[in-house]
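Asks: Protein chains in written order, with this note's numbering: chain A, 4 to 155; chain B, 4 to 155. The beta carbon of each residue, even a glycine, is placed where N, CA and C say it ideally should be.
Protein chains: 2
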Amino acid sequence: MEDSVDVLKLENQLCFPLYTASRLTTQCYQPLLKELGLTYPQYLVMLVLWERDQVNLSYLSEKLFLQSNTLTPLLKRMESMDLLTRDKSLSDERSIVIALTNKGSKLKEKADCIPSKIFDQINLSKEQAEQLYRTLYQVIGELENIKEKCHY
Amino acid sequence: MEDSVDVLKLENQLCFPLYTASRLTTQCYQPLLKELGLTYPQYLVMLVLWERDQVNLSYLSEKLFLQSNTLTPLLKRMESMDLLTRDKSLSDERSIVIALTNKGSKLKEKADCIPSKIFDQINLSKEQAEQLYRTLYQVIGELENIKEKCHY
DNA sequence: ATAATTTATATCGCGCACGATATAAGTGTA
DNA sequence: TACACTTATATCGTGCGCGATATAAATTAT
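1. Between the C-alpha atoms of L146 (chain A) and R26 (chain A), what's the straight-line distance to the nearest angstrom?
2. Does DSSP put L103 (chain B) in a helix, a strand or coil?
3. Residues of chain B with CB under 9 Å from R80 (chain A), in chain order?
4. Hey, would you say the C-beta of L78 (chain B) is under 7 Å away from at least one heavy atom of the ligand HEM?
5. Quick one: list the residues of chain A neighbouring S25 (chain B), beta-carbon separation under 7 Å, in chain order.
6. On the DSSP bridge assignment, give the partners of T88 (chain A) in chain order.
7. Please list, in chain order, the chain A residues whose beta carbon lies closer than 8 Å to that of A114 (chain B).
8. Excluding the five sequence neighbours on either side, which residues of its own chain have a C-beta within less than 8 Å of the C-beta of N59 (chain B), listed in chain order?
9. In chain B, what lies closer than 8 Å to I149 (chain A) by C-beta?
10. For L78 (chain B) and Q141 (chain B), what's the separation of their Cα atoms in angstroms?
11. Within the 8 Å Cβ cut-off, does V75 (chain B) reach chain A?
12. I believe H110 (chain B) touches L21 (chain B) by the beta-carbon criterion, under 8 Å. Please report the beta-carbon distance rounded to the nearest angstrom.
13. From E112 (chain A) to E54 (chain B), what distance separates their C-alpha atoms?
14. For the segment 128-144 of chain B and the segment 129-139 of chain A, state whether three or more C-beta atom pairs, one from each stretch, are separated by less than 8 Å.
15. Confirm, please, whether the CB-CB distance from I117 (chain B) to L35 (chain B) is below 8 Å.
16. Name the residue from B:S119, B:E14, B:E151 and B:I143 whose alpha carbon lies nearest to the alpha carbon of C31 (chain B).
17. Please say whether A24 (chain A) and I125 (chain B) have beta carbons closer to each other than 8 Å?
18. Could you list which residues in chain A have their beta carbon closer than 8 Å to that of A102 (chain B), in chain order?
19. Do L50 (chain B) and L63 (chain B) have their C-beta atoms closer together than 8 Å?
20. Would you say Y62 (chain B) faces chain A, with C-beta separation under 8 Å as the test?
21. Please report the distance separating the alpha-carbon of L1 (chain A) from that of N72 (chain B).
22. Under 8 Å between C-beta atoms, does L39 (chain A) make it to chain B?
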């Protein structure tokens, strides 16, 4: 970041390359995920469910930093794709349980090769990637903290 | 990034925190940009135009890594907000010239305080921010290169 | 026990973002 | 010169993503 008089120059913004890198990486996923019939946000949902099946919407919301207004339609589409089911929880009727179908579970095998293919395209060294990872989660932590404070 | 057997664990993905940090930072802009009547992508367009007025759509496309299918409606809305004008180029009728209005130009003054406010929220050290910036542009460079190659 | 408050999720409206495609103008080749 | 090809932008359809709000169930307070 150059010491520039004009703070409003595009090249002096930190969030713009963040936004752009995010979009470009998501684009890289598209052809790979197309073979699985998934969009990138759907893929993220699957990652969570492959790791822990039968969760409520809040759990997905917490893990993915996405709200129900985004997740509800997204999960509905995935249900219609027979990847998962959405049922009311027995212990709390306001809550829904999201569970993988067999088809949804089996999709994991096809997804196995994706992370390394993406990583190859990004072409960062392992050290750079780790540093980037840590910084990004630091930013996320900061912004999540701010968000929680704003609720009071 | 942990050495984990399961490459498909959410915590082992690099692009997910990238995606999330991008979304969260964009959210931070919202209340600030709301006062200017702008969305984040519109703000980016303004950054480019404040720096260099009277450009064609391709220029914006190149600078912002956004395509015409995104930019055309976005610019149209900004034209209707009287921030800019879109006119056919005299030298090439396929091309349009996007120029700031007085209202659009003056908005820069109100935007002046935004970058520092955002930077404060992110709360990275200057060194961390610079490192992040460099790495992000490195990723962008890599992925843009791949994209250009895929056109052949 | 009842009312007030909170919580889990859904709905609504709008602005992107993007793959695919269309349209018209400009350029290159035979 | 005419045709083939390329280019600049627009259109189309779909899936998010998000601020704002609604609905119903659960919890808390009185």
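Replies: Well, looking at it:
1. 20 Å
2. strand
3. Neighbours of R80 (chain A) on chain B: none; closest Cβ ~19 Å, over 9 Å.
4. Summarising the ligand content, the structure contains no ligands, and the ligand HEM is consequently not present.
5. L21, Y22 and S25
6. A:A102
7. L11
8. S92, S98, I99, V100 and I101
9. C31 and Q124
10. 28 Å
11. As written in the sequence, residue 75 (chain B) is Thr, which differs from the Val given in the question. No - not a single Cβ of chain A is within 8 Å of the one on T75 (chain B).
12. The residue you asked about is not His; residue 110 (chain B) is Leu in the sequence shown. That belief does not hold up - the Cβ atoms of L110 (chain B) and L21 (chain B) are roughly 30 Å apart, past 8 Å.
13. 49 Å
14. yes
15. yes
16. B:S119
17. no
18. By Cβ distance, chain A contributes nothing, its closest Cβ being about 18 Å from A102 (chain B), past 8 Å.
19. no
20. no
21. Past the boundaries of the shown model lies residue 1 (chain A); chain A is included only from 4 to 155, so the question cannot be answered.
22. no
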